[in-house]
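Everything in the sequence shown is counted per our numbering, starting at 161 for the first residue and increasing by one.
Don't be surprised by glycine CBs; every beta carbon is placed ideally from N, CA and C.
Model, not experiment: these values are computed from the prediction.
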Amino acid sequence: MEQLVLNNTIINIKIVYKKNKNTYFYFKNDYIQINASVNQTKKQIVAYIKKNEEVFLSKYKKQVKIKTKSIKNKSLLSIFGKDFNVIKNIGKNNVKILDNNVIITTKNNDDLLIDQVYKKYLKEILLEAVTELSLKYHNKSNINLLDVKYNTRYTTSRYGSCNPSKRTINFNLHLVNYDKKYLEYVFCHEIAHLVHRNHSKEFYNLLDELYPNSRIIKKELNSVFNS
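Have a look at this one:
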């Protein structure tokens, strides 16, 4: 496995020489497999990729499953809609963003530990974003948010959930991968349930009051979340 840098993004490539007349590119999960003709040199292959870097980068990013919980072997991660190269270091457990890189430092190279440290970081930044939204929307449409408790976890079927009786709201941790406007939409959707438990006409009227064009954003979210 080798690496190329296209527009500040690290691309993993694997060149396999075959008895092919032509060279074929296969976009795998987190790398590009190149079944190359024996008549084509590595230099020619790299030159071709760089010449068409926009196409290759677009297909590569689409194929990389950035919402997978495990980051084992990942070279690219998305945080609030922006892609970052992954750099792993040894040291005190922490995660930081530097330029176009997410730097994950752990006391050893254990994959489970790396996942745990990164997940903890994602939870922290998502809940920080939720806290900002809580301050923004407190008392809007007369919704009191001061005593609401927020949590986050990975789920497969819901963007969020609300328990009006306990005044708790849970957010799908996968939302941290996407543009913040989707988190804001889900936030407004869930706080509207503090007033209207069901998806009644009154509920949607309140949601539209809180977040105009909510139906359009919901369609966008469904599209990007299931892509």
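- If you draw a 10 Å sphere on the C-beta of L306, you find fewer than 16 other C-beta atoms in it, and that means exposed.
- The closest CA to that of K188, considering only Y338, Q200, K234, is found on K234.
- Taking a contact as a CB-CB distance under 8 Å, the pair V308 and I329 counts as one, their CB atoms being some 6 Å apart.
- CA-to-CA, the gap between E369 and K174 works out to about 51 Å.
- I264 is positioned such that its CB atom lies no closer than 8 Å to that of F244.
- Apart from sequence neighbours up to five positions away, the residues of its chain that approach F185 with a beta-carbon distance below 7 Å are I192, I194, ordered along the chain.
- The C-alpha of K340 is placed about 11 Å away from the C-alpha of L381.
- Distance from I209 to L237 at the Cβ level is roughly 22 Å; contact not present, criterion being Cβ atoms closer than 8 Å.
- In the assembly as shown, N249 is an exposed residue. Its beta-carbon has fewer than 16 other beta-carbons within 10 Å.
- In the three-state reduction of the DSSP assignment, R313 falls in the strand class.
- Nearest neighbour of H334 by Cα position, chosen from N299, Y220, L287, turns out to be L287.
- Excluding its 5 nearest sequence neighbours in each direction, E350 has C-beta neighbours in its own chain below 6 Å: G320, C322, I329, listed in chain order.
- Only buried fits L366, as 16 or more other CB atoms lie within 10 angstroms of its CB.
- Listed in chain order, the beta strand (DSSP E) runs fully inside the stretch 184–252 are 184–188, 191–197, 236–239, 242–250, counting runs of at least 3 residues.
- In the displayed model, Y177 falls within a strand according to three-state DSSP.
- When only Cα atoms are considered, E214 and V176 end up about 23 Å apart.
- In the DSSP assignment, I376 falls within the alpha helix (DSSP H) that extends over 374–385.
- Taking 8 Å as the cut-off, the beta carbon of F331 is found closer than this to the beta carbon of V290.
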